[in-house]
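Asks:
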Amino acid sequence: MFKITFITSNYDNSYTFNKICKNLIEEYCGDFEFSFFKSNIIDKSDEEYRKLEVDVRTSSIVFILLHGGVSSFKKFMNLKNTFWGKIPFFINTTISDENREFVEHGGVPVTTAYNMAKYYTLGGEENYKNMILYTASELGDKKYPYEKYTYMRWEGIYNDGNAVEAEENFIKKIAKEPMVVAVLFHGKEWNSKRIKVVDKFIEELKKLGVVPYPIFTNSILKPEIKSKGIKWVIENYLKYKGKVIPKVIINLMAYSQTIFSDPGDGTSIVEKSIFEELEIPVIQAMSTYQNRETWEKDIRGLDSEALTTGVYYPEFDGQIISVTCCTYESIRDEYGEKKIFIPIDERVNKISRMAVNWAKLGMKKNEDKKIAVIFHNMPPRNDMIGRAFGLDTPNSVNNMMKLFSNMGIKTEYEFKDGNEIINTIIKGVSNDKKWLTSEKVLERSIDKITEEKYLEWFSKLDKEVQEKIEEQWGKAPGEFMIYENVFPVPGILNGNVFIGLQPSRGMEEKAEEIYHSTDFIIPHQYYSFYKWIKEVFKADVIYHVGTHGTLEWLPGKEVGLSNKCCPDFNIDDIPHLYPYSINISGEGLQAKRRSNAVLISYMIPALTLAGEYEDIEEMDDLIKQYYLAELGKDSKVIELKEAIIKRVLEYNYNLDMNITEEDIRKNYSLFINKLHSYIEELKSSIIKDGLHILGEAPEGERLASLIYALLRIENCGMMAADEAVGKSLGYDIEVLKENPYEYHHKGKTNLMVIAEIRNITENIIKEILGEKKYKYVVEKNTEYKIIDESYIVTLEKNILEVILPKIIETKREKKSIVNGANGKFIVPGQSGYPTRGNINILPTGTNFYSIDPYKIPSRASWKVGIKLADELMKRYIQDEGELPKSIAMILYSGDTIKTNGDDIAEALYLMGVKPVWLNNGDRVIGLEVIPYEELKRPRIDVTLRISGLFRDTFPTLIKLLEDAVNIVSQLDESDEINYIKKNLKDDIEKLLKDGYSFSDAENLSKVRIFGCPPGTYGTGVRVLIESQQWETRDDLGRAYINWSSHAYSSNYHGTKLENMFVKRLQNVDITVKNEASVELDMLESDDYYAYHGGLTAAVKYASGKEAKSYSGNTSDPNNVKIKSLNEETARIMRSRILNPKWFEGLKRHGYKGAMEVSAMVDIVFGWDATAEVAENWMYDKITEKYVENIENREWIKENNPHALLNITERLLEAEQRGMWNASHEKLNELRKIYMSIEGDIEEYEE
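Note that our numbering has the sequence shown beginning at 81, numbered continuously upward.
#1: Would you say T924 and Y607 are within 8 Å of each other, going by their C-beta atoms?
#2: Determine the extent of the beta strand (DSSP E) in which I339 is found, giving its start and end residues.
#3: How should P294 be labelled, buried or exposed, when 16 other C-beta atoms within 10 angstroms of its C-beta is the threshold for buried?
#4: Can you list, in chain order, the residues of its chain whose CB lies under 7 Å from that of N478, leaving out five sequence neighbours each side?
#5: For F169, which of helix, strand or coil comes out of DSSP?
#6: So A262 and P168 are in contact, right, with Cβ under 8 Å, and what is the actual spacing, rounded?
#7: How close, in whole Å, do the beta carbons of N956 and P964 come, if the pair is a contact with beta carbons under 8 Å?
#8: In angstroms, rounded to a whole number, what distance separates the CA positions of Y1314 and E1274?
#9: Report yes if the C-beta distance between C405 and V428 is below 8 Å; otherwise report no.
#10: Would you be able to state if there are at least three C-beta pairs under 8 Å between the stretch 535 to 543 and the stretch 453 to 464?
#11: Specify the secondary structure class of H55 as computed by DSSP and reduced to three states.
#12: Could you pull out every residue in the same chain whose Cβ sits closer than 8 Å to the Cβ of R274, ignoring the five residues on either side in sequence?
#13: Residue range of the alpha helix (DSSP H) that H1282 falls in?
#14: Beta-carbon within less than 6 Å of N574's beta-carbon, same chain only, minus the 5 sequence neighbours each way: which residues are those?
#15: DSSP has D413 in a bridge; who is on the other side?
#16: Relative to the C-alpha of E1268, which candidate in E1255, E1309, N1256, A1294 has its C-alpha closest?
#17: Relative to the C-alpha of K1232, which residue among L791, K1277, Q910 is closest?
#18: What are the residues that DSSP puts in a beta bridge with K83?
#19: Name the two residues that bound the continuous alpha helix (DSSP H) containing W1257.
#20: Between the alpha carbons of P474 and H824, how many angstroms are there, rounded?
#21: Identify every run of the alpha helix (DSSP H) within the stretch 541 to 607, keeping only runs that are complete inside it and at least 4 residues long; order them along the chain.
#22: Name the two residues that bound the continuous alpha helix (DSSP H) containing K726.
#23: Taking just the CA atoms, how far does A439 sit from E1318?
#24: Where does D1149 land, buried or exposed, given buried means 16+ other C-beta within 10 angstroms?
#25: Of all the options D975, W515, L708, which has the alpha carbon lying nearest to the alpha carbon of F1034?
#26: In the DSSP assignment, the beta strand (DSSP E) including R1025 goes from what residue to what residue?
#27: Per DSSP, what kind of secondary structure is A1127 in: helix, strand or coil?
#28: Quick one: Cα of P908 to Cα of I662, how far?
#29: Assuming T1250 contacts T1176 under a Cβ cut-off of 8 Å, what Cβ separation, rounded to an integer in Å, is found between them?
#30: What does the Cβ neighbour count give for C109, buried or exposed, with the cut at 16 atoms within 10 Å?
#31: Between the stretch 1235 to 1253 and the stretch 1167 to 1181, do at least 3 Cβ pairs fall closer than 8 Å?
#32: At what residue ranges does the stretch 213 to 257 contain a whole run of the beta strand (DSSP E), taking only runs of 3 or more?
#33: Please give the ranges of any beta strand (DSSP E) in the stretch 1124 to 1189, keeping only runs that are unbroken, at least 3 residues long and fully inside the region.
#34: I want to know whether the stretch 926 to 944 touches the stretch 797 to 804 - three or more CB-CB distances under 8 Å.
#35: Would you call T297 buried or exposed, if buried means 16 or more other Cβ atoms sit within 10 Å of its Cβ?
#36: Check this for me: beta carbons of I767 and R1216, under 8 Å apart or not?
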C-alpha cells in the first residue's frame, strides 16, 4: 500500500487530485490510499491537526502544495519538527527559495524531487496522474507504468473561446486598432478556472467601444517546461514592429511579473519594472478566494492570501490596484468540490471603465483635457487649506499649473505664487462655514449643485448606502453645507483646471456622538463634490496633492472595495494621481489600495542641524567655561557653577531633566555631565529647514545640510560623514562617544570634540559642493589637521557621484506629474526614510510600494527590536526600581514597513519569542520560544493598539503576534517568570465566574491586539479636541476606549470587547510608541497624540493611575534611545519649535509656512490635553515667539491671517482649561490680538 497525504491551500488543484486519486484506487485496487487536508483548516483546528498527525504516521510521503509560502501554513513548523527525517516530504509552494530548501532536506532524492516538481508545475490531469505513479514507483515497493511529461501551451492569444492559431495575422490586424486594452491572464487558466472572468472583461470592454486583447502566459521563463515567460509575451504579443499595441493592460495574474520575469529570479525585488518600457498603465484586477456571499459581507474585502498575491506583489511592478473582480465558487460533483472564479459583473465593469478612461487620457489632445487638482483641508478651516506633510502645497500646485500650461492644457491666467492661489480660493468659497452668509456663498461659488441634480446622482447610489447617509445626515440633500437648497463648489476654475478643496468629512458636526458611536458615513455634500467633478466638470484626471486627505480613509471594505464603499463611489473611474511623501509609506499604500491612486513620491524637506541659539548658546558657552575652569583648578569654578544653576532654573532645564535644585547641588558633577549631554543633543538634533516644493531640489546651504543629514549615519554602505571626517583627522567618533566627558586637549571634553568635528564636516560638505577647498576648512582650525585624506576623498566621491545626482533628480517629480496627465506609466520604487540608511530609495517621482509581509521582522530589525526592549526595560527599572509586567504599544503600518518590523520584533522579544527564518534570508516561517535560561527575565505581557491601516495591511502579522501569545501561554512555567500566562489564568478564572464557557473564556483572555472598528480609522480623540467637545482628560480616555476596544485575532475581526480592553489597560505599567527617523517627530502629526496621547489618557481613565509613557527612537539603529514623553516634548520644543532656524525656513513658504506654525500649536495642545506633557514655560515661549513678537506676528498675519487667529484661540483655550497658568499680561495681550485679528478677517472675508 502506497499512501499519500495531501496538504493543500485554499487555491489549489485538490479537485483534480481527488478525481485522479479516485480513479487510481479503482484502477489499482488496494495499492493506493490517499487523504486530503486543507492548511487553513489545520491552522484553525487543533483537532484537525491531531488527525493529520495520526494520518501522517502511516503515510509513504506527504505532499504539501501551497499557493504562497509555508509561512501561510502556521502549523508547518510543528509538522516539520515531528516528522522531518522520518517520512519523505514533497513541498511545492510559489516561493522558489523554499522549494530549493525543501528539495534538499525533504527526504526525497533530488532527481526524484526534480521530476515530481516538473510534473506538478506542468499541471493537468495526465501529468498529475503520472506524477503519482512515478512517485510510487521511485519511493514505494512496486513499479507502475507512467508516461513522461505532457507539455501544455503556456502562451497564446485568446479569441472567441479558443486560442488563436494564426497569431501573426491576428497581431497585425489588432495593431491597426486605435484603442486596444490588453487582458493578461495565466496560461493554466485560459480554458479553465478563470475563463468566465476573462469572457466578462471581453464583453464589458466591447460595450465600452474598445478592442479587448486577451493574452495568456506563464509569468516565468522556464525552458524545461517550454514556458516563454512574460518578457517574451511583451516583445511578441504586446508590440508590433517595435510599437506598443495596447493603450492599457488589465492584469488578472497575481504576484509580481517583474520578480518572475528575467532578470527576476522569483525571490527578490527587481529595481526596474517589466512594464516600464511599455509606458502604459497596468491595472491589477484582484481575485478573492472567498465565495460571493462571504465577500459581500466581509469588511476585509480580500482574504489574506489574495491580499499578498493580488496587492503586495503587483505593487512592485507599478500596477494600479483596482478592486475585486471575481470570487471563488464551489461546484460539487462525484469527485468533490471544483473551484472556479466567477466574475462580479459590476466590478468588472468598473475596472473596464477605469482602463478605458486611462486609455482616453493617453490619447486625448492636451488642449481638450480637463484636470482636477484637490487640496486637502483638515480640519476644514481657512488656515488649513492644502495641509500636507512636508510639502508646500500652494507653491507645488503653482508648479503643477506651469507644467500643465507648458504641455498645452488650457489655462486663462498665471498665478503669481501659491499665496495667490489660496487667497483666490478664500475670496470665493471654502469649507470654513464661519465667515460667509448664504448670500455671499452663492454669489461667489464657481458653480452650484441644485437639489434636483444631486437627487439624480444620489438615486444611483446603492440603496443601503442611501439609507445610511440619510439616517445620519437627513433626507437628501440634508442640511450640512447646503445653502438655499444648493451645494456650492469650494474651489476655483482656471481654464480647464479646477483647483478644489476636498470637502469636510463632517466629523466635527458629529463630535458629541464619538463617545458612544464609531460609525460615521460621509455627508451629502462630500458625494456631491466628487460627482460634480466627474459629471459636470468632466475631469479626465484628478490629482490629490500631498500627504494626506480623507478620501482613502472613508468607510468601506479594507481593500478590494465594492460599489457600497465610500472611496469607491466617490473616485469612481477617474484616473487618479496622488503626490505623496516618500517617507509616509503606509498611508500612501492606503491611497493606492482604497482609491485606485497612482502615487508620485515627493522628496523630504531639507534638513539641518538645530545648532545653537539664545539660551542654548548661553548654556553651551557656560558649560565650556566650566569644564575649562575645572580642569585648570580655576577659582571661577564656583562662580560658573552658580551661574549655570541659576540659568538652568530660570530657563526651566530642570523640568526637562526632571531634577530639583536640591538634587543638582547634591551631586553637581553628575548633573553637569548630564546637562552637557543634553545641550549637545539639542544642538545636534536634526530639524526641517522649510518645506519641499514639488520638483525642486534644495540648493546652497540647504543642499549641504540635507546631504549631511543623509550621511548622519552609514547609508547604503557609505560611511557616515562625521565618522569619515573624524578618521581623516585621526579620531574615532565611536570611541569619543563611549567616553563623552573625558577631557581631551585644551580643556575640551570628547563631546566638545565631536561637536567641532561635526561643524568641520558641515563646512567640508559645503566646500565639496563648491570650490573644493576642504583642506582650508581644516587648516583654519589650528587644533585639527588632516592625517589621512583618503576618507575625505571617499566622502567627496560618495557625495558627488551618488548622493548629489539623486537629489538633483528630484525634478523627476515634475516629469511624473506630466506623465500622469498624459496617461503614461509611473515608474515604481521603494519608500521609507532616506536618512535611516535608505538613500537607495531616491530619486523621488515614483509610484512607491510596500515590502513583503512575510519578511517581517527581518534579521536586522530583530536586533533593533531587542535593543528597544532592553532599553525600555532598563529605563523603567531606572524610574520605578522594578521590571514592568505589562506594556501597551502603538503599532503603525508605516513604521513597520519602513523599519522592516522593529516594533514587531520588540513585542516578540518582550514576550520571549523569536522568529524562525528560512535559510539565511528574512522570510519568517514560524516562531520559537526563547528559553528562560537564555532570556534571564520574566516574559512580559504586551497589549498592542494597532492602527486601522495596520489592520488592513498586515493580517499576517496579527496572526504572528497572536501565535506568540498562544505559544507563551502554553509554556510550563511559573507565574513569576511568565506574566502572560499569569494574566491569562486570572482572566479565565474571572470570566468563568461571570458565566462564560471555558472555550470562550480562553479565547477572550488571549486577545492582545486591539484597534478601531473594521472599515474605520482613528481613535476619536482628534475630532473631540478640534471641535472642543470635551471637558476633562477622562472624556478623551473614554472616547479612546470606545474607538479602540475592537479585538483582532483568529477568532475576532473587530468584535467590540470593551471589558477585555479595559482589563488590559488596568494592568499597564508602560505605554510606548517608537519613532524611527529624524525626518519627523511626535509633535509634527496629530495622529501621534491621537494614538499615543490618547492611550495614556485611556490608561488613566481605566486604572486611575498614570502609566510611564515613553518614546523610543531608532533613527540610528545602532544607538537606540528611550525618553519619557515629557523629555521628548522638551527636546522638540527647544531644538525645533522655538528655534529661529525652523521659523526662518518656514518663512520661505508664505501661507503654508504660517499654516505649519498653526498646526504645531494644535498638536502641542492635543498632546497636552491627552498626556499632560506641556509645561507653562512652553506655552509662554510659544506665545512670546509667535504672537507677542511683532515681526513674527505680522508675517503670519500677512501670509495666513486665519493661522494667527487659530494660534491665539488655541492658546486662550489652553488657559481656560487650566492647561496653562498664564500671566494676566499675557492673557490680556492675547485677547486683544485675538479680537483684532478676528475683526480684520471678517473685514477681509467680506
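Glycine residues also receive a C-beta, built at the ideal position from the N, C-alpha and C atoms.
Replies: The answer reads as follows:
#1: Here residue 924 refers to the residue found at position 844 of the sequence shown. Here residue 607 refers to the residue found at position 527 of the sequence shown. No.
#2: Taking the first residue of the sequence shown as 1, we reach residue 339 at position 259. No beta strand (DSSP E) holds I339; the alpha helix (DSSP H) holding it covers 337 to 340.
#3: As a first step, residue 294 must be located in the sequence shown, where it is residue number 214. That one is buried.
#4: Here residue 478 corresponds to residue number 398 of the sequence shown, with the count starting at 1. Beyond the five residues adjoining it in sequence on each side, N478 comes within less than 7 Å, by CB distance, of F495, D497, G498, I501 in the same chain, given in chain order.
#5: Position 89 of the sequence shown holds residue 169. When DSSP states are grouped into helix, strand and coil, F169 belongs to the strand group.
#6: Here residue 262 corresponds to residue number 182 of the sequence shown, with the count starting at 1. Here residue 168 corresponds to residue number 88 of the sequence shown, with the count starting at 1. Not a contact, Cβ separation roughly 43 Å.
#7: Here residue 956 refers to the residue found at position 876 of the sequence shown. Here residue 964 refers to the residue found at position 884 of the sequence shown. According to the sequence displayed, residue 956 carries Tyr and not Asn. Contact between Y956 and P964 is confirmed by a C-beta separation of about 5 Å, below the 8 Å threshold.
#8: On the sequence shown, residue 1314 is found 1234 positions in, with the first residue counted as 1. On the sequence shown, residue 1274 is found 1194 positions in, with the first residue counted as 1. So the two alpha carbons sit approximately 13 Å from each other.
#9: For the purposes of this step, residue 405 is identified with residue 325 of the sequence shown, where counting begins at 1. For the purposes of this step, residue 428 is identified with residue 348 of the sequence shown, where counting begins at 1. Yes, the Cβ-Cβ distance between C405 and V428 is below 8 Å.
#10: Put simply, the stretch 453 to 464 does not touch the stretch 535 to 543. Fewer than three CB pairs are less than 8 Å apart.
#11: An answer regarding residue 55 cannot be provided, because it is not within the stretch 81 to 1326 covered by the chain.
#12: As a working mapping, residue 274 is identified with position 194 in the sequence shown. Excluding residues within five positions, the ones whose Cβ falls inside 8 Å are F265, H266, L332, S367, C406, I420, F421.
#13: Locating residue 1282 in the sequence shown gives position 1202, counting from the first residue. From DSSP, the alpha helix (DSSP H) with H1282 extends over 1281 to 1296.
#14: Looking up residue 574 in the sequence shown gives position 494. Once the five neighbours on either side are set aside, the close Cβ partners of N574 are T491, E492.
#15: Within the sequence shown, the letter at position 333 stands for residue 413. DSSP, once it has assigned bridges, lists G416 as partnering D413.
#16: Along the sequence shown, read from residue 1 onward, the residue named residue 1268 stands at position 1188. Of the candidates E1255, E1309, N1256, A1294, the one whose C-alpha sits nearest the C-alpha of E1268 is E1309.
#17: Translated into the one-based positions of the sequence shown, residue 1232 becomes position 1152. The option with the nearest alpha carbon to K1232 is K1277.
#18: Position 3 of the sequence shown, counted from the first residue, corresponds to residue 83. Partner(s): E113.
#19: Counting from 1 along the sequence shown, the entry for residue 1257 is found at position 1177. W1257 -> alpha helix (DSSP H) spans 1256 to 1263.
#20: To locate residue 474, count along the sequence shown from 1; it is residue 394. To locate residue 824, count along the sequence shown from 1; it is residue 744. So the two alpha carbons sit approximately 50 Å from each other.
#21: 543 to 553
#22: Mapped onto the sequence shown, residue 726 falls at position 646. Residues 716 to 730.
#23: Taking the sequence shown and counting its residues from 1, one reaches residue 1318 at position 1238. Taking the sequence shown and counting its residues from 1, one reaches residue 439 at position 359. Rounded to the nearest angstrom, the two C-alpha atoms are 50 Å apart.
#24: To locate residue 1149, count along the sequence shown from 1; it is residue 1069. Buried, because 16 or more other Cβ atoms sit within 10 Å of the Cβ of D1149.
#25: Within the sequence shown, numbered from 1, the residue matching residue 1034 stands at position 954. It is D975.
#26: Reading the sequence shown from its first residue, position 945 is the one you call residue 1025. Looking at the DSSP string, the run of the beta strand (DSSP E) that includes R1025 is 1021 to 1026.
#27: Counting from 1 along the sequence shown, the entry for residue 1127 is found at position 1047. The answer is strand: DSSP assigns A1127 an E or B state.
#28: Within the sequence shown, residue 908 is the residue found at index 828, counting from 1. Within the sequence shown, residue 662 is the residue found at index 582, counting from 1. Approximately 12 Å between the Cα atoms of the pair.
#29: Taking the first residue of the sequence shown as 1, we reach residue 1250 at position 1170. Taking the first residue of the sequence shown as 1, we reach residue 1176 at position 1096. Sure, about 6 Å apart at Cβ, within 8 Å.
#30: By one-based count along the sequence shown, residue 109 stands at place 29. Counting Cβ neighbours within 10 Å, C109 comes out exposed, since fewer than 16 surround it.
#31: yes
#32: 236 to 239
#33: 1126 to 1128, 1133 to 1136, 1150 to 1155
#34: no
#35: The sequence position of residue 297 within the sequence shown is 217, counting from 1. Classification of T297: buried, given that the 10 Å Cβ count is 16 or more.
#36: Within the sequence shown, the letter at position 687 stands for residue 767. Within the sequence shown, the letter at position 1136 stands for residue 1216. Yes; because the gap between Cβ atoms is below 8 Å, this pair is in contact.
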